[in-house]
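Sequences listed follow chains A and B, in order.
Residues in the first sequence are numbered from 28 upward in steps of one, following our numbering.
Residues in the second sequence are numbered from 28 upward in steps of one, following our numbering.
A quick write-up on the structure given underneath.
There are 2 protein chains.
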Amino acid sequence: MNPTITAFEASPDRGQGLARDMRVRWALEEVGQPYDVRLVSFGELKKPEHRRLHPFGQIPTYEEGDLTLFESGAIILHIAERHAGLLPEDANARARAIAWMFAALNTVEPPIVELEMATILERDKNWYQERHPILEDRVRVRLRELSSRLGDADWLDGAFSAGDLLMVTVLRRLSSTAEVEKFPNLAAYVARGEARPAYRRAFADQLAVFTASLPR
Amino acid sequence: MNPTITAFEASPDRGQGLARDMRVRWALEEVGQPYDVRLVSFGELKKPEHRRLHPFGQIPTYEEGDLTLFESGAIILHIAERHAGLLPEDANARARAIAWMFAALNTVEPPIVELEMATILERDKNWYQERHPILEDRVRVRLRELSSRLGDADWLDGAFSAGDLLMVTVLRRLSSTAEVEKFPNLAAYVARGEARPAYRRAFADQLAVFTASLPR
Chain A
28 MNPTITAFEA SPDRGQGLAR DMRVRWALEE VGQPYDVRLV SFGELKKPEH RRLHPFGQIP
88 TYEEGDLTLF ESGAIILHIA ERHAGLLPED ANARARAIAW MFAALNTVEP PIVELEMATI
148 LERDKNWYQE RHPILEDRVR VRLRELSSRL GDADWLDGAF SAGDLLMVTV LRRLSSTAEV
208 EKFPNLAAYV ARGEARPAYR RAFADQLAVF TASLPR
Chain B
28 MNPTITAFEA SPDRGQGLAR DMRVRWALEE VGQPYDVRLV SFGELKKPEH RRLHPFGQIP
88 TYEEGDLTLF ESGAIILHIA ERHAGLLPED ANARARAIAW MFAALNTVEP PIVELEMATI
148 LERDKNWYQE RHPILEDRVR VRLRELSSRL GDADWLDGAF SAGDLLMVTV LRRLSSTAEV
208 EKFPNLAAYV ARGEARPAYR RAFADQLAVF TASLPR
């Protein structure tokens, strides 16, 4: 039986693939695991039936037989532990790849989300002009550190891993800015992720949800 | 050979145990693994020798033979995979405990850190009075959801796990506010974590670093 994930019924980014279901779709495509998608409206997110799957009322969730999971990082780790292709076999390399998963979600993503939220929610506030550059600086600090560690390597630690998958999706959240492009090796890193056949299949599938929602 | 972790030479919270080494100390105490600590000054954090261990110039790091890890979540998962006591044996329960680890770090901690940073960095800005309540609301949304899921259970999903360990340390970051106390079941949950013998040993050890740094 295929696992079922949830995704937004109405793509908030008009099919750019920035919502967190994209990460899970990509991971499932990398390992060749077919899956089903249940689309959820914004109203349904906050209802008890969805809260039972996701205590914080978000997407994606992951259902597979008796198991229900939430948190894209945990879902991807679960997939990576059960299929080859997302984590190295060597125990130390595996632990380091998992460290990059946590780094993407707990060190690099938070200042990016904060910048994104301020751009959406605080644009009319009288502090926006002063505060926005501070948020950009926080993001740049992380990008500079990441760029410095990546150097001229293709991926963060040896072969492509779930750590790279998460980091690429986190960096893509900056696609409406020019921040990543200031670091040519990071821009090339994101492009390398986007060029993977599994990424392209996942992207096309989430885009199809948006396209189908358009009025004819 | 014992693993070696890094911690701040000068406790930024004067021994309250809010820095991220506390999480790793607690996990090591839960599983009964002795460890060594190397103290790092703020200046050393940004030097190349430390950046080789931690690309983002933070603590804690974890060194064990050939393996170097960073990110407290990844370090704790590594410890939990090698010792009994932090993750359930049942595969589905184990995956759910890991989901709570990610939830603590990627869903609950970011708004708490944001509130903390604003309190420290934006107190004299002219927008502080207007923006601070917005940040408090964001934290309360997450606390309400967490409180609702926890209900009258002792821990988030069955027995105490690494997910609870991380969630308790994340909630403790609010200890200079009265936010957690607004949710009695969350306050009791944090107290339950703090009462564990392993927590108390870890707390005493990090406090000793602070006490030793005081002028005599």
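We treat Cβ as the ideally placed atom computed from N, Cα and C, and that holds for glycine.
Note that the structure is predicted; figures quoted are calculated from it, not measured.
Under the Cβ distance rule, Glu206 of chain B does not count among the residues neighbouring chain A, no pair being separated by less than 8 Å.
Unbroken alpha helix (DSSP H) runs of no fewer than 4 residues, entirely contained in the region 36-123 of chain B, are found at 48-58, 69-72, 75-80 and 99-109, following chain order. When secondary structure is reduced to three states using DSSP, Ala235 of chain A falls in the helix class. Secondary structure of Ala34 of chain A (DSSP, three-state): strand. Contact annotation: Ala37 of chain A and Ser174 of chain A have beta-carbon atoms that are not nearer than 8 Å. Close partners of Ala126 of chain A in chain B (Cβ separation under 7 Å): Leu96, Phe97, Glu98 and Ala101. For Leu94 of chain B, the closest C-alpha among the options B:Glu136, B:Gln43, B:Met28 and B:Leu201 is that of B:Met28. Shown here, Pro242 of chain A sits in coil according to DSSP, grouped into three states, outside any helix or strand. For the pair Val166 of chain A and Ile139 of chain A, the CB atoms are nearer than the 8 Å cut-off. Not a single C-beta of chain A is nearer than 8 Å to the C-beta of Pro115 of chain B.
CA-to-CA, the gap between Ser188 of chain A and Gly70 of chain A works out to about 35 Å.
Listed in chain order, the non-local C-beta contacts of Ala131 of chain B below 7 Å within the same chain comprise Gly190, Leu193, Met194 and Val197, local neighbours out to five positions each way being set aside. Around the beta carbon of Asn153 of chain A, fewer than 16 other beta carbons sit within 10 angstroms, so the residue counts as exposed. Between Thr33 of chain B and Val67 of chain B, the gap from beta carbon to beta carbon is short of 8 Å. Setting aside the 5 residues that flank it on each side, Phe129 of chain A is surrounded in the same chain by Gly100, each with a C-beta closer than 8 Å to its C-beta; the list follows chain order. In this structure, Leu96 of chain B sits near Ala122 of chain A, with a CB-CB distance shorter than 8 Å. Taking CB atoms only, Gly59 of chain B has no neighbour in chain A less than 8 Å away.
Counting along the chain, Asp184 of chain B sits inside no alpha helix (DSSP H), nor does DSSP assign it H or E at all.
If you check each beta-carbon in the region 206-239 of chain B against every beta-carbon of chain A, none falls closer than 8 Å. Annotation for Asp232 of chain A: Arg52 place their beta carbon closer than 7 Å to its own, counting only its chain and skipping 5 residues before and after. Contact check for Arg199 of chain A against Leu45 of chain A passes: the beta carbons are separated by less than 8 Å.
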